[in-house]
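Enquirer: With my numbering as the guide, the letters of the sequence shown map in order to residues 153 to 340. Backbone N, C-alpha and C fix where the C-beta goes; we use that ideal spot for every residue, glycine too.
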Amino acid sequence: MTAYDALVLAGGAARRLGGVDKPGLAVGGRTLLDRVLAACPDARTVVVVGPERPTERSDLHWTREDPPGGGPVAAVAAGLGQISADRVLLLAADLPFLDGRTVERLLDALAEHDGALLVDAGGRDQPLAGAYRSSALRAALGDLGEPVGLPLRRLLAPLRLVRLADPDGVSYDCDTWEDLELARLRDA
């Protein structure tokens, strides 16, 4: 497998969860963040954008977007400064069912594209369950100007993307207490 890096966004406010440390919540006895990190064990460099917290991995690089809470594009900008591989996973820290097989599928899909992302059962793009060419992300960031407060779709708009079906629901994320409970039931 060709080298890749991983960029995990773990700094959101988790408003729908009352502001708790969402990446630190557990499903199946492991934190959401640790479950995501376990899906990319071969990443050459792993950057987590968010406050430092205990994890099962010791080889992580931590950074924060400027200003903290500046949104996903600001988080991507902060993390890209610490990676060097041409291929980068861009992952949310709340994907309890992400697995290595899906990571390989996303990375393989980059052969002819700037990015590959999962599409959930409802037909919604899941850009934080994707793989991208870091050069394409950097170019798009440069064209945007100030990244604070911008939606991820603005960053990804100029990229040539391939959308992959997600029949196993690995892009399922935990935005609410109900989502978390359903993930725990599914994992049981």
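1. Return the bridge partner residues of Y284 from the DSSP annotation.
2. Rounded to whole angstroms, what's the CA-CA distance from T197 to G282? Just pull it up for me.
3. Could you tell me which of T207, P203, D211 sits nearest to P219, measuring between CA atoms?
4. Taking the alpha helix (DSSP H) that A108 falls in, what are its first and last residues?
5. Considering just the uninterrupted stretch of the beta strand (DSSP E) at A317, what are its terminal residues?
6. Confirm, please, whether the CB-CB distance from L250 to V188 is below 8 Å.
7. In angstroms with no decimal places, state the Cα-to-Cα distance between R253 and V172.
8. Residues bridged to W214 by DSSP?
9. Helix or strand or just coil, what does DSSP make of P175?
10. For the alpha helix (DSSP H) that contains D251, what are its first and last residues?
11. Is the beta carbon of L159 less than 8 Å from the beta carbon of V225?
12. Are the region 204-212 and the region 228-244 touching, with three or more C-beta to C-beta distances below 8 Å?
13. Can you give me the C-alpha to C-alpha distance between C326 and L289, rounded to a whole angstrom?
14. With L337 as the anchor, note down where its alpha helix (DSSP H) starts and where it stops.
15. Classify G163 as buried or exposed, calling it buried when 16 or more other Cβ atoms lie within 10 Å of its own Cβ.
16. From G301 to L307, what distance separates their C-alpha atoms?
Expert: Here's the rundown:
1. Assignment of beta-bridge partners to Y284 by DSSP yields V240, G267.
2. About 16 Å.
3. Closest option to P219, judged by alpha-carbon separation, among T207, P203, D211: P203.
4. Summary: the structure shown does not reach residue 108, with the chain confined to residues 153 through 340, and so no result is reported for it.
5. First-last of the beta strand (DSSP E) with A317: 313-317.
6. Result yes, Cβ atoms of V188 and L250 sit closer than 8 Å.
7. Going from the Cα of R253 to the Cα of V172 covers about 30 Å.
8. Bridge partners of W214: V200.
9. In the displayed model, P175 falls within a helix according to three-state DSSP.
10. It is not in any alpha helix (DSSP H) - D251 carries neither H nor E in the DSSP assignment.
11. No.
12. The answer is no - the region 228-244 does not touch the region 204-212, with fewer than three Cβ pairs under 8 Å.
13. C326 and L289 have their C-alpha atoms spaced approximately 26 Å apart.
14. Taken as a continuous stretch (DSSP letters only), the alpha helix (DSSP H) holding L337 covers 329-339.
15. When all chains shown are included, G163 counts as buried.
16. Rounded to whole angstroms, G301 to L307 spans 11 Å at the Cα level.
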